[in-house]
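Colleague: First, the structure itself, so that you have it in front of you.
Numbering (my numbering), first residue to last: 521 to 834.
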């Protein structure tokens, strides 16, 4: 009877400790989720502000260019003499023109890159290359870190029942992934008690989470930097357009066309790079959240298995 009461008190103590640690982990997890949501809102506000700035910059120039173009069209209509209509081109000539106009995607991108001025397009391209390199590396690492936690827990429980803690350690050491590493650290502290096992799991879980999030800050940097570099090219292109207008003393589409083209191409390039990298960033964040949830759930299950093993001795 005394032995039964003693075991009941131990179980009650272990369950209270586990409940407190579970509340702590639940609070930390909610806090991290709240911080991530604030960070995403901050990025969206920056992008919206940049869009508004581009609209303010482009509106007066486009209006002036459109007015000048309409005036020049009216003047040309007044001064252009009547020209006799030329005979239609033969089908063979039309086909040749269509073939000449058709270009591959690679050629179009190359032409737009040159038209946008390589001086301003090259930094945007560097952001895309580096961002994609980091994102692909993170995707490969995160996919390799995925573990079948249910299968691993079953193996650990069977090893505990058949060979004890040492057999369970062999199972976790032979398995790759952050979950198996956390299990190994917890099993190494089993001789010090269940409380030390939980503390070890929590501490090493934070370390593994930091490893999973490694590199995301660089992707976020390139997402913010690419539109800024694009808008810098936009501002410089607009300055060149206004300098041309000032030198000529008159507004005409031919004067402002080159500056506006550079402005638009650099802006589009920066936004495209930011959109592509944002998709990869969101995928990595979602993958990390999934892995962290698996780590938390499997860690709680491991503690339950160890409590049962210690109470039953099997």
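Using N, Cα and C, we set each Cβ at its ideal position, and we do this for glycine too.
(1) Please classify residue 728 as buried or exposed, where buried requires at least 16 neighbouring CB atoms within 10 angstroms.
(2) Who are the Cβ neighbours of residue 707 in its own chain at under 7 angstroms, not counting the five residues just before and after it?
(3) Identify, in the order they occur along the chain, each residue of the same chain with its Cβ nearer than 7 angstroms to the Cβ of residue 807, setting aside the five sequence neighbours on each side.
(4) In angstroms with no decimal places, state the Cα-to-Cα distance between residue 740 and residue 820.
(5) Kindly indicate the opening and closing residues of the alpha helix (DSSP H) around residue 640.
(6) Which one of 786, 733 and 664 has the shortest CA to CA distance from residue 643?
(7) Between residue 798 and the rest of its own chain, which residues show a CB-CB distance below 7 angstroms, the 5 nearest in sequence each way excluded?
(8) Tell me where the alpha helix (DSSP H) around residue 730 begins and ends.
(9) Do residue 704 and residue 818 have their C-beta atoms within less than 9 angstroms of each other?
(10) Buried or exposed: where does residue 731 fall if 16 or more other Cβ atoms within 10 Å of its Cβ makes it buried?
(11) Assuming residue 699 contacts residue 814 under a Cβ cut-off of 8 angstroms, what Cβ separation, rounded to an integer in Å, is found between them?
(12) For residue 772, does the three-state DSSP call read helix, strand or coil?
(13) Among residues of its own chain, excluding the 5 on either side of residue 829, which ones have a beta-carbon nearer than 7 angstroms to its beta-carbon?
(14) Can you tell me whether DSSP reads residue 674 as helix, strand or coil?
(15) Determine the closest residue to residue 671 out of 657, 655, 696 and 648, with distance taken between C-alpha atoms.
(16) Do residue 805 and residue 736 come within 9 angstroms of each other at the CB atom, strictly closer than that value?
(17) Which of the three DSSP states, helix, strand or coil, is assigned to residue 668?
(18) On the criterion of 16 or more Cβ atoms from any shown chain inside 10 Å, does residue 521 qualify as buried, or is it exposed?
(19) Assuming residue 647 and residue 791 form a contact by the criterion Cβ under 8 angstroms, report the distance between their Cβ atoms to the nearest whole angstrom.
(20) Given a cut-off of 9 angstroms on the beta-carbon distance, is the pair residue 822 and residue 673 in contact?
(21) Can you give me the C-alpha to C-alpha distance between residue 795 and residue 788, rounded to a whole angstrom?
(22) Go to residue 697, then tell me how far its alpha helix (DSSP H) extends in each direction, as first and last residue.
Modeller: In brief:
(1) Classification of residue 728: buried, given that the 10 Å Cβ count is 16 or more.
(2) Same-chain partners within the cutoff: 685, 688, 689 and 692.
(3) Within the same chain, residue 807 has close Cβ partners 662.
(4) If you take the alpha carbons of residue 740 and residue 820, they lie about 32 angstroms apart.
(5) Where residue 640 is concerned, the enclosing alpha helix (DSSP H) stretches over 638-664.
(6) Taking residue 643 as reference, the option from 786, 733 and 664 with the minimal CA-CA separation is 786.
(7) The residues 743, in chain order, have a CB closer than 7 angstroms to that of residue 798 in the same chain once the five nearest residues on each side in sequence are set aside.
(8) Where residue 730 is concerned, the enclosing alpha helix (DSSP H) stretches over 714-732.
(9) Not closer than 9 angstroms, so no.
(10) Counting the other CB atoms within 10 Å of its CB gives residue 731 a total below 16, which places it among the exposed residues.
(11) Their Cβ separation, rounded to whole angstroms, is 6 angstroms, which keeps residue 699 and residue 814 in contact under 8 angstroms.
(12) For residue 772, the three-state secondary structure derived from DSSP is coil.
(13) Listed in chain order, the non-local C-beta contacts of residue 829 below 7 angstroms within the same chain comprise 680, local neighbours out to five positions each way being set aside.
(14) Under the three-state reduction of DSSP, residue 674 is assigned to helix.
(15) Taking each of 657, 655, 696 and 648 in turn and checking the Cα distance to residue 671, the smallest one comes out for 696.
(16) A contact, by the Cβ cut-off of 9 angstroms.
(17) The three-state secondary structure of residue 668, taken from DSSP, is coil.
(18) With a pLDDT of only 47 at residue 521, under 50, the local geometry of the prediction cannot be trusted, and no value is derived from it.
(19) Rounded, the Cβ-Cβ distance is 12 angstroms, inconsistent with contact.
(20) In this structure, the beta-carbon distance from residue 822 to residue 673 falls below 9 angstroms.
(21) One C-alpha to the other measures close to 11 angstroms.
(22) That residue, residue 697, is in no alpha helix (DSSP H); it is neither H nor E in DSSP.
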